[in-house]
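*Asks:* I am attaching a structure below and will ask some questions about it afterwards.
Protein chains in written order, with the numbering used here: chain A, 114 to 354; chain B, -9 to 224.
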């Protein structure tokens, strides 16, 4: 088996141009789903009646179906839905001009919401209830108590899980080529199809993902140290006493 | 836009189920081979030498960063050429299921090894020492004392793994394996692209049901395995 090294190096740098697309899908999905997931988590914790059941069903459905299938469903449903809505309102836009990355944003946001809401819920539950009561008793409003006391503590336990979720999300975006989004996978695949150099192209993709994920893991381990600093500080002072 | 026809969903549901055994076979096969690989990796990390530890760590790190579809294609395009050039074996006409099995074994062996290792390390070392001190052989101590406790700890993670494996397994249709996903895309192309949404919804329902069944099974298992533990603490 001989690898076409020259092609491999060329394609590697070509495929690097797909990184912004991959990262933008990841970032948009995380940014959109963070507030939504937070409210889903809170509504589940506080047992708000109908919303809780809806959220549970939604999470269970997203958890129980493959991402490919979600992509295919959204991609076969949304364009025609947009089209009929646009026609109904009287807008004159061509749905097929919409950048397919919009659909990628939607699919991965829907997907991330479910995972993130469970992470937030489990993280919020780890914070002692006394913390909230103490915050309220010294005159903070509920919002202040959450922003200043509860969330910073919950974040520390949530960060490893968020790291996992982000890595899975980045890996998942390799499927965006099914929606004709030109991310890393799509670019390398197109380059490979000229000369049938698929192995080289896929090894390139593999290298890029390994680098990307290692960087993300590094970033999160730094974040974890930063947010968890109060814990280690408390630990060392207790130790020296 | 063609109107959505919900009546097509139950019709296609049963047709999709004819390929259900393939999906289950891939799932079970990957779990069995993945567990073997995972056991080797976990052993290397727990009681191996320095080099084997580093190798296992590197392998797990790489697999953690690999998107399933990329590995699937690397195996599908690369394995036949690798075997042909090194060992002279031609596997180009082998069933596509083999490639799927190899891919998910490689991918999930790493995850399984981490689950096994964390479960093994969660059991108190004193248990092992106590077992050996009353005259059990090391194998007996592992098999009778450590394993049952570690299994109970590993179950929730293993349930998650099984569900993820099943979901990632849905990608096998991209190399042409006819599992339920593959059957679905065949049905859609048979209909010239019509009823795509209905077929996908039927597929989603099958996967959802399968997930719920797996979750239920594991929660029952967990309860029965943790029974002994509760009576100890009470």
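A virtual CB, placed ideally from N, CA and C, is assigned to each residue, including glycine.
I need the boundaries of the alpha helix (DSSP H) containing residue 110 of chain B, first residue and last residue.
*Replies:* From DSSP, the alpha helix (DSSP H) with residue 110 of chain B extends over 86 to 112.
*Asks:* Kindly indicate which residue of B/8, B/139, B/-7 has the alpha-carbon position closest to the one of residue 212 of chain B.
*Replies:* Cα-wise, what sits closest to residue 212 of chain B is B/139.
*Asks:* In chain B, which residues lie with their C-beta within 9 Å of the C-beta of residue 216 of chain A?
*Replies:* None at all; the shortest Cβ gap to chain B is about 14 Å.
*Asks:* For residue 293 of chain A, which three-state DSSP category applies?
*Replies:* Three-state result, residue 293 of chain A: coil.
*Asks:* Counting only Cβ-Cβ distances shorter than 7 Å, please list the residues of the region 302 to 313 of chain A near chain B, keeping chain order.
*Replies:* Result list: 311, 312.
*Asks:* From the beta carbon of residue 284 of chain A, is the nearest beta carbon of chain B less than 7 Å away?
*Replies:* By this cut-off, residue 284 of chain A is an interface position.
*Asks:* Since residue 92 of chain A meets chain B, which of its residues come closer than 8 Å, beta carbon to beta carbon?
*Replies:* Here chain A has residues from 114 to 354 only, and residue 92 of chain A is not among them.
*Asks:* Verify the CB distance criterion: does residue 142 of chain B have a CB-CB separation below 7 Å to chain A?
*Replies:* It does not: the Cβ of residue 142 of chain B has no partner Cβ on chain A nearer than 7 Å.
*Asks:* Decide yes or no for the touch test of the region 247 to 267 of chain A against the region 171 to 189 of chain A: beta carbon pairs closer than 8 Å, at least 3 of them.
*Replies:* Counting Cβ pairs under 8 Å, fewer than three are found: no touch.
*Asks:* Any residues in the region 126 to 145 of chain A with a beta carbon nearer than 8 Å to a beta carbon of chain B? Which ones, in chain order?
*Replies:* Listed in sequence order: no entries.
*Asks:* Just to confirm, is the Cβ distance from residue 194 of chain B to residue 181 of chain A under 7 Å?
*Replies:* In this structure, residue 181 of chain A does not lie closer than 7 Å to residue 194 of chain B by Cβ.
*Asks:* Quick one: measure Cβ to Cβ for residue 105 of chain B and residue 46 of chain B, integer angstroms, because I've assumed they're closer than 8 Å.
*Replies:* With a Cβ gap of about 14 Å, residue 105 of chain B and residue 46 of chain B do not count as contacting.
*Asks:* Expressed to the nearest angstrom, what Euclidean distance is found between the alpha-carbon atoms of residue 79 of chain B and residue 271 of chain A?
*Replies:* Between residue 79 of chain B and residue 271 of chain A, the C-alpha separation is close to 49 Å.
*Asks:* Tell me the rounded alpha-carbon separation between residue 42 of chain B and residue 52 of chain B.
*Replies:* Their Cα atoms are separated by approximately 15 Å.
*Asks:* For my contact list, residue 134 of chain A and residue 294 of chain A are in at a C-beta cut-off of 8 Å; report their separation, rounded to the angstrom.
*Replies:* Their Cβ separation, rounded to whole angstroms, is 6 Å, which keeps residue 134 of chain A and residue 294 of chain A in contact under 8 Å.
*Asks:* Using a C-beta cutoff of 7 Å, does residue 198 of chain A count as contacting chain B?
*Replies:* No, because no Cβ of chain B sits closer than 7 Å to the Cβ of residue 198 of chain A.
*Asks:* Would you say residue 48 of chain B lies against chain A (beta-carbon separation less than 7 Å)?
*Replies:* It does not; no Cβ of chain A falls within 7 Å.
*Asks:* Could you say which of A/157, A/214, A/249, A/189 lies nearest to residue 296 of chain A if we only look at CA atoms?
*Replies:* Selected option, being the one with the closest Cα: A/214.
*Asks:* If residue 139 of chain A sits next to residue 298 of chain A, beta carbons under 8 Å apart, how far is it from one beta carbon to the other, in whole angstroms?
*Replies:* Wrong, their Cβ atoms sit about 14 Å apart, outside the cutoff.
*Asks:* Find the residues of chain B that neighbour residue 278 of chain A, judging by a C-beta separation of less than 7 Å, and give them in chain order.
*Replies:* Within 7 Å Cβ-Cβ: nothing; residue 278 of chain A doesn't reach chain B, min ~13 Å.
*Asks:* What do you reckon, are the CB atoms on residue 170 of chain B and residue 15 of chain B nearer than 7 Å?
*Replies:* In this structure, residue 15 of chain B does not lie closer than 7 Å to residue 170 of chain B by Cβ.
*Asks:* Thinking C-alpha only, which one of A/266, A/245, A/200 is nearest residue 339 of chain A?
*Replies:* Selected option, being the one with the closest Cα: A/266.
*Asks:* Residues in the same chain with beta-carbon distance under 6 Å from residue 135 of chain B, minus the five sequence neighbours each way, listed in chain order, please.
*Replies:* Closer than 6 Å at the Cβ level, and outside the excluded window around residue 135 of chain B, lie 117, 121.
*Asks:* Which residues mark the beginning and the end of the alpha helix (DSSP H) in which residue 258 of chain A is found?
*Replies:* That residue, residue 258 of chain A, is in no alpha helix (DSSP H); it is neither H nor E in DSSP.
*Asks:* Nearest by alpha-carbon distance to residue 0 of chain B: which of B/126, B/141, B/190 is it?
*Replies:* Ranking B/126, B/141, B/190 by Cα distance to residue 0 of chain B puts B/190 first.
*Asks:* Between the C-alpha atoms of residue 119 of chain A and residue 324 of chain A, what's the straight-line distance to the nearest angstrom?
*Replies:* One C-alpha to the other measures close to 20 Å.
*Asks:* Are residue 311 of chain A and residue 67 of chain B touching if we call contact CB-CB under 7 Å?
*Replies:* Cβ distance < 7 Å, so residue 311 of chain A and residue 67 of chain B count as in contact.
*Asks:* Whole-angstrom Cβ separation of residue 49 of chain B and residue 69 of chain B, contact assumed at under 8 Å?
*Replies:* Their Cβ separation, rounded to whole angstroms, is 17 Å, which puts residue 49 of chain B and residue 69 of chain B out of contact at 8 Å.
*Asks:* DSSP state of residue 205 of chain B, grouped into three classes?
*Replies:* In the structure shown, residue 205 of chain B sits in a helix (DSSP, three-state: H, G or I).
*Asks:* Any C-beta of chain A within less than 8 Å: which residues of the region 73 to 85 of chain B qualify?
*Replies:* Listed by position, the residues of the region 73 to 85 of chain B near chain A (Cβ gap below 8 Å) are 74, 75, 76.
*Asks:* Hey, quick one: how far does the alpha helix (DSSP H) through residue 133 of chain A stretch, first residue to last?
*Replies:* From DSSP, the alpha helix (DSSP H) with residue 133 of chain A extends over 132 to 158.
*Asks:* Near residue 351 of chain A, what residues of its chain come up, given a Cβ to Cβ distance below 7 Å and the 5 sequence neighbours on each side ignored?
*Replies:* Residue placement at residue 351 of chain A is flagged as unreliable, the pLDDT there being 45, under the threshold of 50; a coordinate-derived value is accordingly withheld.
*Asks:* Confirm, please, whether the CB-CB distance from residue 127 of chain A to residue 300 of chain A is below 7 Å.
*Replies:* Yes; because the gap between Cβ atoms is below 7 Å, this pair is in contact.
*Asks:* Going by alpha carbons, who is nearest to residue 152 of chain A out of A/229, A/192, A/309, A/170?
*Replies:* Of the listed residues, the one whose Cα sits closest to residue 152 of chain A is A/229.
*Asks:* Would you mind giving the Cβ-Cβ distance between residue 167 of chain B and residue 87 of chain B, rounded to the nearest angstrom? I have them listed as a contact below 8 Å.
*Replies:* The Cβ separation is near 6 Å, so the contact holds.
*Asks:* Just curious, the alpha helix (DSSP H) that residue 176 of chain A is in, first and last residue?
*Replies:* Note, residue 176 of chain A: alpha helix (DSSP H), 162 to 177.
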